[in-house]
Structures are given as structure tokens and as C-alpha cells.
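Visitor: Its first residue numbered 4, the sequence shown is counted upward by one per residue in the UniProt record's numbering.
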Amino acid sequence: SLSNRLGDVFGKLRGRGALTEADVRAAMREVRIALLEADVALPVVRSFVDQVTELAIGQNVLRSVTPGQQVVKIVSDALTEMLGSETAELDLNVAPPAVIMMVGLQGSGKTTTTAKIAKRLKDKERKKVLMASLDVNRPAAQEQLAVLGTQIDVATLPIVAGQQPTEIANRALQAAKLQGYDVLMLDTAGRLHVDQQLMDEMQAVSRAANPAETLLVVDSLTGQDAVQVAQRFTEQVPLTGVVLTRMDGDARGGAALSMRAVTGKPIKFAGTGEKLDGLELFQPSRIAGRILGMGDVVSLVERAAEMIQADEAEAMAKKMAKGQFDLDDLRSQLNQMRRMGGLGALAGMIPGLKKAQAAMAQSGADDKVLVHMDAIMGSMTRKERAKPEIINAKRKIRIANGSGTTVQQVNKVLKMHQEMSTAMKKIRKMGGLKGLGALFG
Ligand code: GDP
Ligand code: MG
Numbered sequence: 004s005l006s007n008r009l010g011d012v013f014g015k016l017r018g019r020g021a022l023t024e025a026d027v028r029a030a031m032r033e034v035r036i037a038l039l040e041a042d043v044a045l046p047v048v049r050s051f052v053d054q055v056t057e058l059a060i061g062q063n064v065l066r067s068v069t070p071g072q073q074v075v076k077i078v079s080d081a082l083t084e085m086l087g088s089e090t091a092e093l094d095l096n097v098a099p100p101a102v103i104m105m106v107g108l109q110g111s112g113k114t115t116t117t118a119k120i121a122k123r124l125k126d127k128e129r130k131k132v133l134m135a136s137l138d139v140n141r142p143a144a145q146e147q148l149a150v151l152g153t154q155i156d157v158a159t160l161p162i163v164a165g166q167q168p169t170e171i172a173n174r175a176l177q178a179a180k181l182q183g184y185d186v187l188m189l190d191t192a193g194r195l196h197v198d199q200q201l202m203d204e205m206q207a208v209s210r211a212a213n214p215a216e217t218l219l220v221v222d223s224l225t226g227q228d229a230v231q232v233a234q235r236f237t238e239q240v241p242l243t244g245v246v247l248t249r250m251d252g253d254a255r256g257g258a259a260l261s262m263r264a265v266t267g268k269p270i271k272f273a274g275t276g277e278k279l280d281g282l283e284l285f286q287p288s289r290i291a292g293r294i295l296g297m298g299d300v301v302s303l304v305e306r307a308a309e310m311i312q313a314d315e316a317e318a319m320a321k322k323m324a325k326g327q328f329d330l331d332d333l334r335s336q337l338n339q340m341r342r343m344g345g346l347g348a349l350a351g352m353i354p355g356l357k358k359a360q361a362a363m364a365q366s367g368a369d370d371k372v373l374v375h376m377d378a379i380m381g382s383m384t385r386k387e388r389a390k391p392e393i394i395n396a397k398r399k400i401r402i403a404n405g406s407g408t409t410v411q412q413v414n415k416v417l418k419m420h421q422e423m424s425t426a427m428k429k430i431r432k433m434g435g436l437k438g439l440g441a442l443f444g
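1. Roughly how many whole angstroms lie between the Cα atoms of serine 334 and lysine 418?
2. For the pair the segment 126–145 and the segment 170–189, tell me if three or more CB-CB distances fall below 8 Å.
3. When every heavy atom of the ligand MG is checked, does at least one fall within less than 6 Å of the C-beta of alanine 175?
4. I'd like the list of long-range same chain contacts for histidine 375, defined as Cβ closer than 8 Å, with 5 residues on each side in sequence excluded.
5. Can you tell me whether DSSP reads glycine 136 as helix, strand or coil?
6. Under the criterion of a Cβ to heavy atom distance below 6 Å, does alanine 121 qualify as lining the ligand MG?
7. Quick one: Cα of leucine 22 to Cα of arginine 32, how far?
8. Flag this pair as touching only if the segment 120–128 and the segment 229–240 have three or more C-beta atom pairs under 8 Å; answer yes or no.
9. Over the uninterrupted alpha helix (DSSP H) stretch that includes methionine 31, give me the two end residues.
10. Can you say whether proline 287 is buried or exposed, counting buried as having 16 or more other CB atoms within 10 angstroms of its CB?
11. For lysine 130, is the beta carbon positioned less than 6 Å from some heavy atom of the ligand MG?
12. Within the present structure, is the beta-carbon of threonine 114 separated from the nearest heavy atom of the ligand MG by less than 6 Å?
13. Kindly identify the DSSP beta-bridge partner or partners of alanine 101.
14. Residues bridged to phenylalanine 272 by DSSP?
15. Kindly identify the DSSP beta-bridge partner or partners of threonine 217.
16. Could you check the C-alpha separation between serine 261 and glycine 292 for me, to the nearest Å?
17. When we look at the beta-carbon of glutamine 182 and count the other beta-carbons within 10 Å, is it buried (16 or more) or exposed?
18. Can you tell me whether threonine 153 is buried or exposed, with buried defined as 16 or more other CB within 10 angstroms of its CB?
19. Just to confirm the assignment, what range does the alpha helix (DSSP H) spanning glutamine 145 have?
20. Is the beta carbon of glycine 244 less than 7 Å from the beta carbon of leucine 218?
21. Span of the alpha helix (DSSP H) holding methionine 202?
22. Three or more beta-carbon pairs under 8 Å between the segment 107–120 and the segment 193–212, yes or no?
23. Which residues in the same chain have their Cβ closer than 6 Å to the Cβ of glutamine 147, if we skip the five residues on either side of it in sequence?
24. Check threonine 159 in the structure and name its three-state DSSP category.
25. DSSP three-state label for aspartate 222, please.
26. When you compare each of Asp190, Ala233 and Ala178 to aspartate 198 by their alpha carbons, which one comes out closest?
27. Given this structure, state the Cα-to-Cα distance separating glutamate 387 from alanine 81, to the nearest angstrom.
28. My output table needs one value for phenylalanine 328: the three-state DSSP class, helix, strand or coil.
29. Between arginine 388 and the ligand GDP, is there a pair consisting of the residue's CB and a ligand heavy atom that are separated by less than 6 Å?
30. Have a look at Val12, Val230 and Gly112 and flag the residue whose alpha-carbon is nearest the alpha-carbon of lysine 278.
31. Which residue's Cα is closest to the Cα of glutamate 204: Gln231, Gln167, Ala178 and Gln177?
32. Using 7 Å as the threshold, is the C-beta distance between valine 220 and threonine 90 below it?
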């Protein structure tokens, strides 16, 4: 996947102490291939890679102490910018009823997203919402919306057989005005492919309803096709934003990257499931992190750098280099984790540490457990913390009693220490001590 490929490229870069221009160019070639394979449109890839390369081979970057880290941050920032930098909310600041028109191919998720947005507006902004389906092509399409409306307790326009889309739109507009609705959502018909008849229909409805928002709904799993679809719609309908559906699945991310560049419009929402609460504001930095396959590593590194003293880190690095990660170290690690927002906040943030995390999760290391673990290590003697291997059965009982825990829990701490020192040796081998490894020391 795109994530895996980029993760590899950046794993390598991060691990390097010094970088040459050739290193950066080689990495960018891989980035280019990875993006193309993920269905990002060629012109988008080209301008992205050019821009990033230029920034990354800047003198200050290559001469800095952590060039690999910096290059990764440059790429991450560029990705975020490409995705739109900030979350974009709906703009419904017009005389009511504010019309939201949903367009897109058949099966892209228009009807579902119509209901999701209606629910969101109703629940979060206390808006009075009316939904109307203009889909006269697909049998039972209008009923589908009515059923969803019942589920979320949002009104739908009564169905009248034999009307054309613009007629329904006009009727809906009238009803919304007369009955004092804040928002009118128009769910339009799709096609299997973009054709002129569809476009004509969209334009006619758009003229009739004068929407405040026209949202293109795109299935993020359809890759390059999605890009072409977006292109066609952009040319013919005045879009104000994009919704990417099926972001809950194994979305390749490529569609998301191209979408902003191709339409010139912000991605406003991500659909994250079939359920009607599966809708999120699109968050570019999070998606960028996901595409880079490194969790939210950049902000993690920034946060870690703020919280961990450099000399403390240096001392820890030396110890780890000698394979001397003892229980005192584990204890201070765990305390650092607590300072940084607990295990939950760290989950998924640390590439290469998945295994240690899994081990921790298995040993039940949730935030409450962190407190117990601290107590257990507090009940050990200094000698025991420095040399865990001397902790025999008798000592374990004493430690358990002293900390108000059980021998089983003591064992878990010891096991976790082992797993973590193994994981750290691995990170060290990857050369990540200076940057990522700094988190742990
Ligand atoms: P339309 O033809 O564009 O109106 O598409 P529909 O709204 O009828 O959706 C087609 C299918 O996609 C339905 O089975 C939906 O449940 C599903 N779907 C829509 N959005 C999402 C999403 O964000 N995630 C997932 N997993 N499924 C979705
Ligand atoms: Mg539909």
C-alpha cells in the first residue's frame, strides 16, 4: 500500500545521520513511484515531488543535525497542504433555506452521505433539515432516502410519482420555504459513468435551487477513476466541496491527494462507515500521517522534544547503546508516557513499536495499570531495578505484597521490560535513536 511504501522510504531516511542531495533525490524517486501506484494523478505527483525535493535539498536541511527527520517533516507538511491544510466546514450562511446539493456517480454514497450530513446538522447545530431525493432513475431511490429520514428523525419531501428532477427540486424549495426549514438537502441521481445527460440534469437543478453548497461525493476506493470523475464534475457543476466516502476501509489515500488538486475545492467530510454517524470532518494532517504510514509521527516527535530533556535523552541513548535498559529506565519511560497523555494518546503514533505496543496491550497496560506498574517498581530495591534478573520467586512475593499487587502483575512488568528492551534494540539498529528513539530516552 501507499502507506507501507512511504513508511519504508521514510524509515530509511529517518535512520540516516547525514544525507546527501543524492539520498534525497533517490528517496523522492521512490515517493514518486509510491504515489503513482496509489493512483495519485500524474500532474499532481509531479508538482508535489518537485516542490518537496526543492525544499528538502535546501542547505539548512541537509546540514542540520537531523536531516532525515526534517525531510520527513517537509513531506508531511507538503502532503497536509496538498490535502487542504485545514478542516473546512459547511458554509450555510445564506437566507434560509440553505440548499445543499449532493452530486456524484451511482453508488458513491450520495444518499447515505445526505442522511449523515442531515443528522449532523440536526444533532450538532440544531438545524431544521428537509431532505429530498431527485433520483427518478433508480427504482426505490426516493424510498431509500425516506427510510433513512425515519431512522434519523429528519423530514423527507413526500414522494410524487412522475415528476422530473427540477420539478422535485422546485417543490422541495417551496416546501422548505413555507415550512421554515433551515436547510434543504437535495440528493441527486447518479450514473454508472459521467454522461452529458447527467450533467445537463445537474446544471438544471443547480440553476433552479441555487445551492449554498454543492458537494461532490466520491468513493475513495475507486482511485484514478475518482479523479477523472472529479475532473468532469468540476468542469460542469459549480462545486463547493468534496466528500470522500469509504475512508473507513483500506483507502489508498491516492484519491484524497488528487481530489483537492483536481477540483481546487476543499474536502469537507470523510465517510467512515455505513452507519449514519460515520461522518467526520476531513482532517488533512491526520490523513497525511496515515498516507505516510507513520501515524502522527511528526507531531509526536515535536511533542517528545518538548517534554524530554535533551541531556536525559543523551544519557538514555548511551545506556541503550550498551544494552543497559533497566527497570529504572522503564519506570521513567512509563512516567513520560503518562505525562504525554497515556497509552491511548500514544497508540498508533510510534512506527516500529507496534510489537511492543501489542505486548503492552496484552499485558493489560492501560493507564490505570501504569499506576500499578509504578507501584511495583517502587517496591523493588535499587539493585533489583538495575538487575531484574536477580528477581526470584521469593523476591516477587515481597514486591507484590509491598505494592499491593500480585505476583502475576509483577511478572507482567518484568515481561514488559524484556519486550521493550528488545524493541528498543531494534529501533537502535534502525538508527532512530536521535529522533524517534528520543521518545524513549
Ligand atoms: P448513492 O448511489 O451514491 O446514493 O450511494 P448510497 O448512498 O446508496 O451508498 C452505496 C453503498 O455504499 C451503501 O451500501 C452504503 O451503505 C455504502 N456507503 C456509503 N458511504 C459509506 C462509507 O463511508 N463507508 C462505507 N463502508 N460504506 C459506505
Ligand atoms: Mg442514491
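Even glycine gets a Cβ: it sits at the ideal position worked out from N, Cα and C.
Guide: In this structure, then:
1. For the sequence presented, residue 334 should be read as arginine rather than serine. Rounded to the nearest angstrom, the two C-alpha atoms are 14 Å apart.
2. yes
3. no
4. Ser406, Thr408 and Gln412
5. Looking at the sequence shown, residue 136 is not glycine but serine. In the structure shown, serine 136 sits in a strand (DSSP, three-state: E or B).
6. no
7. 15 Å
8. Proximity of the segment 120–128 to the segment 229–240 falls short of the contact definition, fewer than three beta-carbon pairs being nearer than 8 Å.
9. 24–40
10. buried
11. The answer is no for lysine 130.
12. Within the cutoff, so yes.
13. Val186
14. Val246 and Leu284
15. Met104
16. 16 Å
17. exposed
18. Label assigned to threonine 153: exposed.
19. 144–155
20. yes
21. 199–212
22. yes
23. Thr114
24. It is a strand residue.
25. strand
26. The option with the nearest alpha carbon to aspartate 198 is Ala233.
27. When only Cα atoms are considered, glutamate 387 and alanine 81 end up about 49 Å apart.
28. coil
29. no
30. Gly112
31. With distances taken between CA atoms, glutamate 204 lies nearest to Gln167 out of Gln231, Gln167, Ala178 and Gln177.
32. In this structure, the beta-carbon distance from valine 220 to threonine 90 does not fall below 7 Å.
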